[in-house]
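Taking it in order: structure first as structure tokens, then the write-up.
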Amino acid sequence: MKKKVLAVLLASAMAITAFAGCGSKEESSTTTETSEETKEASSDDAIANLIASTEGTVDLTLWCSETEEYQKVMKELCDNFEAQYPDVDFNITIGAVSEADMKDRVLEDVEAAADVFVFPDDQLEALVKAGALNEVAAQYTYDMNETDTAATVEAGQYNGKQYAYPFTASNGYFLYYDSSILSEEDVASWEALTAKAEELGKEVGCEVSNAWYLYGFFKGAGCTLEENEDQSNTCDWNSETGLACAESLQKICASKAFKSYGNDDFLAQLADGKIAAYVSGTWNDKKVAEVFGDGYAATKLPTFEVNGEAKQMNSYSGYKFMGVNAYSKNTGWAMLLTEYLTQASSQEAVYAATGEGPSNTEALKNASSPALSALAEQSQYAQLQRVGGKYWEPAAALGKNIVDGKVSQQVLDDAVAGITQPADAE
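Numbering (the working numbering), first residue to last: 134 to 559.
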């Protein structure tokens, strides 16, 4: 592992601070009053030393979402970061990589991957085990334990050590709808929603053929999907309850109003005025609000009937983080850039551009939208995404079979066999 220059510099300063805090009870009051000032001075010294020791151009690469909104706001923030250090010559390159694919892209060649990258919380363990993430042993411009929600900070830890910087706290899904044509009663259940959409000649739906969304139906019906210690999965979706769930979902998908669009197709149909309600996340907040106008609304996911009983659709929830590559050639600057991009004002800028909710508590106070309210409402029915890698392809294939009307015990048995195979199976 390469030497972490900035971390070493601050470690020395922190050692001095630690000794300063070991006085008697009579000295403790003075120590408390001066500790924050000492900490701030130490951080300033570390940054000043880094600037003084920097020669030539500082090359940094950032990988983040490929969406236009993300690329634009990140470019603006990186420009602002460069302006903060006018004596340093930066060359910051922003690459477009979907967060869903980030782990795989980074692990293709860790040493050649970006210095800083955005990833969802469920990828943390694999990135840490591969040695791809630099431990956040110290911070220089803010303390995440004081600024961000405890849940997001904790989700960025592995074996008690911090490996990631909290970035957003809204990685989940809910239902967008046009309240000018749909009532709260219409969106309460999939059965009512599809019936109303058929009457209106509109489309509603959810990407059932995407394993991320499919989980919400089976979990809501009462089925189990869990990741084991060896990163394989335990899954009972081929049980009696699982079959009943699949059959119920097949009936919903059979409605002429129900669609299972991917994100790009959803946005295209939305722009054409065909969509009345759809399951998605905060990343589409701005586009949905623009199309629905005064009718723009969002709520928790609908219920659906399983064996004649209404079941609440569940969902995955999660967070997005920024990580520093353990093999970065400019570790100190990569850490400072990451802190800049995850500070309160930057999270507010990202929220304004994309609609994704901040993890910073102060930034969160300034974030308000129907999407975030719906996400909060759905949160009581949401679970952190913790699932082994063998889940995704078999579950996606199962979802497609359900959409295509091909539900059977054999189809479910085959899906579960794939989902529960050993983690190292080819």
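Each residue gets a CB set at the ideal place from its N, CA and C atoms; glycine is no exception.
Fair warning: this is a prediction, and the values are worked out from it, not measured in the lab.
Outcome for residue i when other beta-carbon atoms lying within 10 angstroms are tallied against a minimum of 16
{"i": "Pro253", "result": "buried"}
{"i": "Ser413", "result": "buried"}
{"i": "Glu489", "result": "buried"}
{"i": "Leu403", "result": "buried"}
{"i": "Lys539", "result": "exposed"}
{"i": "Asn371", "result": "buried"}
{"i": "Asp557", "result": "exposed"}
{"i": "Asp418", "result": "buried"}
{"i": "Glu244", "result": "exposed"}
{"i": "Pro527", "result": "buried"}
{"i": "Asn447", "result": "buried"}
{"i": "Gln256", "result": "buried"}
{"i": "Asp427", "result": "exposed"}
{"i": "Pro555", "result": "exposed"}
Span of the alpha helix (DSSP H), counted from its first residue to its last, around residue i
{"i": "Thr432", "result": "That residue, Thr432, is in no alpha helix (DSSP H); its beta strand (DSSP E) goes Tyr429 to Thr432."}
{"i": "Val206", "result": "Glu201 to Gln217"}
{"i": "Lys329", "result": "Trp323 to Leu333"}
{"i": "Gln543", "result": "Gln542 to Ile552"}
{"i": "Ala416", "result": "Position check: residue 416 holds Trp in this sequence, whereas Ala was assumed. Element bounds for Trp416: n/a, residue is neither H nor E."}
Selected residue, minimal CA-CA separation from residue i, among the options
{"i": "Pro503", "options": "Gly293, Tyr310 and Asp557", "result": "Tyr310"}
{"i": "Met277", "options": "Glu495, Thr357 and Thr327", "result": "Glu495"}
{"i": "Tyr524", "options": "Asp212, Ser365, Glu258 and Trp196", "result": "Ser365"}
{"i": "Val497", "options": "Gln516, Gln476, Gln513 and Ala515", "result": "At residue 497 the sequence reads Leu, which differs from the Val that was named. Looking at the Cα atoms, Gln476 is the closest of the given residues."}
{"i": "Ala124", "options": "Asp177, Phe351 and Pro219", "result": "The structure shown has nothing for residue 124, since the chain only spans 134 to 559."}
{"i": "Glu241", "options": "Ile227, Ala263 and Ile225", "result": "Ala263"}
{"i": "Ile552", "options": "Ser541, Val536, Gly522 and Val421", "result": "Gly522"}
Beta-carbon spacing of residue i, residue j below 8 Å
{"i": "Gln94", "j": "Leu434", "result": "Outside the shown range of the chain (134 to 559) lies residue 94, about which nothing can therefore be said."}
{"i": "Tyr411", "j": "Val337", "result": "yes"}
{"i": "Glu472", "j": "Gln272", "result": "yes"}
{"i": "Gly353", "j": "Lys444", "result": "yes"}
{"i": "Gly117", "j": "Asn343", "result": "In this structure the chain extends from 134 to 559, so residue 117 is not present and cannot be described."}
{"i": "Thr415", "j": "Ser303", "result": "yes"}
{"i": "Cys197", "j": "Tyr203", "result": "yes"}
{"i": "Thr367", "j": "Glu373", "result": "no"}
Nonlocal neighbours in the same chain, by C-beta distance under 7 Å from residue i, ignoring five residues either side
{"i": "Leu139", "result": "At Leu139, the pLDDT of 41 sits below 50, so the modelled position is not reliable; the number obtained from the coordinates is stated separately. Closer than 7 Å at the Cβ level, and outside the excluded window around Leu139, lie Ala179, Leu183, Thr464, Gly465 and Met468."}
{"i": "Asp319", "result": "Ala325, Leu326 and Lys329"}
{"i": "Val239", "result": "Ala246, Phe250, Leu260 and Ala265"}
{"i": "Phe214", "result": "Leu470 and Tyr473"}
{"i": "Tyr449", "result": "Gly305, Trp345, Tyr348, Ala515, Gln516 and Gln518"}
{"i": "Ala321", "result": "Pro435 and Thr436"}
Where the beta strand (DSSP E) containing residue i begins and where it ends
{"i": "Ser413", "result": "Ile408 to Ser413"}
{"i": "Tyr460", "result": "Note, Tyr460: premise wrong, no beta strand (DSSP E); not H, not E."}
{"i": "Val269", "result": "No beta strand (DSSP E) contains Val269, which DSSP labels as neither H nor E."}
{"i": "Tyr564", "result": "Here the chain covers residues 134 to 559 and nothing more, so residue 564 does not appear."}
{"i": "Ala247", "result": "From DSSP, Ala247 is part of no beta strand (DSSP E); its letter is neither H nor E."}
Residue i at chain D interface by Cβ criterion, 8 Å
{"i": "Ala229", "result": "Looking at the structure shown, chain D is missing, and only one protein chain is on hand."}
Contacts around residue i, its chain only, beta-carbon distance under 6 Å, and the 5 residues preceding and following it disregarded
{"i": "Ala259", "result": "Lys236"}
Contacting residues, own chain, Cβ-Cβ under 8 Å from residue i (five flanking each side not counted)
{"i": "Glu199", "result": "Ala229, Val230 and Ser231"}
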